[in-house]
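2 protein chains.
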Amino acid sequence: MTVTLINSFIVPQDEEEAFLQAWRETVDHFATAPGFVQTRLHRNTGLNDTTFQYVNIALWQDVEAYRAVFRNFTPAGQRIAGVKAHPGLYEVIEEVDPRG
Amino acid sequence: MTVTLINSFIVPQDEEEAFLQAWRETVDHFATAPGFVQTRLHRNTGLNDTTFQYVNIALWQDVEAYRAVFRNFTPAGQRIAGVKAHPGLYEVIEEVDPRG
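Now the structure itself:
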């Protein structure tokens, strides 16, 4: 079953550059891994709730592929002081797309 | 600019049914609104971080369209005791899609 990683990050303002660099290093680690489909990093616009400054949303072919990549690798973003990650794995249960 | 609503919900276990019904009522409210593009409700699989039981990800053509819909309507999910929403508005800043 395809799983969606939705990882919401709390990032202190003075750690944003370090966080972005670490995120890119993490992507480099898994970009060619079996089972990796796609990832998108979202930045908060500041126009509404600002609890999470960044949210990464990634698709994996299955949970085993996701776990294999991180078995021997701690995502760099989780090693920066003050950064708090919430890497949950989700399935889509409802979809509404009037133009689809 | 297209904006992505990423709304992470903390939902007490005994309120899940009420939350899902309220979410569907909320979608009914905006499904035909100008500027609404798509929405997907994700349920946590329980296989990793379980802070947020549900995450709604929606696309809107712009922030004004999103705001217009909720100007006179409090999303039903935010009126259930114990449910905590984090409705942030985001823009995509990085995308990696090896097969794209």
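Line by line, the protein sequences are chains C and H. Numbering of the first sequence is given in my numbering, commencing with residue 1 and proceeding in unit increments. Numbering of the second sequence is given in my numbering, commencing with residue 1001 and proceeding in unit increments. The beta carbon of each residue, even a glycine, is placed where N, CA and C say it ideally should be.
Contact set for residue i: own chain, Cβ-Cβ below 7 Å, skip 5 residues either direction
i               : result
L1059 (chain H) : T1002, T1004, V1037 and Q1038
P87 (chain C)   : L5 and N7
Q1078 (chain H) : A1085
F1030 (chain H) : F1036 and V1069
F1073 (chain H) : H1029
T1050 (chain H) : N1044
Beta-carbon proximity list for residue i, same chain, < 8 Å, skipping 5 on both sides
i               : result
R1040 (chain H) : N1056, I1057 and A1058
A33 (chain C)   : A65, A68 and V69
R43 (chain C)   : Q53 and Y54
E16 (chain C)   : Q53
Residue i, enclosing alpha helix (DSSP H) - first and last residue
i               : result
R1123 (chain H) : Residue 1123 (chain H) lies beyond the residue range present for chain H, which begins at 1001 and ends at 1100; the question has no answer from this structure.
Q1021 (chain H) : E1016 to F1030
Chain C within 8 Å of residue i, Cβ atoms only
i               : result
A1068 (chain H) : no
Q1013 (chain H) : no
T1074 (chain H) : no
I1080 (chain H) : no
T1026 (chain H) : no
P1034 (chain H) : no
A1022 (chain H) : no
Q1038 (chain H) : yes
Partner residues on chain H for residue i, Cβ-Cβ distance less than 8 Å
i             : result
P87 (chain C) : N1048 and D1049
Chain H contact for residue i (CB, 8 Å cutoff)
i             : result
F52 (chain C) : yes
T2 (chain C)  : no
Under 8 Å by beta carbon: chain C residues contacting residue i
i               : result
H1042 (chain H) : T4, I6, Y90, E91, V92 and I93
V1083 (chain H) : In chain order: nothing, as chain C lies at least about 14 Å away.
Residue interval of the beta strand (DSSP E) (run including residue i)
i               : result
V1055 (chain H) : Y1054 to W1060
G1088 (chain H) : K1084 to V1096
F9 (chain C)    : V3 to I10
N1044 (chain H) : F1036 to N1044
Closer than 9 Å at the beta carbon, the chain C residues around residue i
i               : result
A1031 (chain H) : V96 and P98
Contacting residues, own chain, Cβ-Cβ under 6 Å from residue i (five flanking each side not counted)
i             : result
P75 (chain C) : T26
A18 (chain C) : I80
Contact test: residue i Cβ vs the ligand ATP heavy atom, cutoff 7 Å
i             : result
N72 (chain C) : Judged by which ligands are present, the structure shown has none, so any question about the ligand ATP falls away.
Counting Cβ pairs closer than 8 Å, one from the segment 7–26 of chain C and one from the segment 71–89 of chain C, do we hit at least three? The segment 7–26 of chain C makes contact with the segment 71–89 of chain C: 3 or more CB pairs, one atom from each, lie closer than 8 Å.
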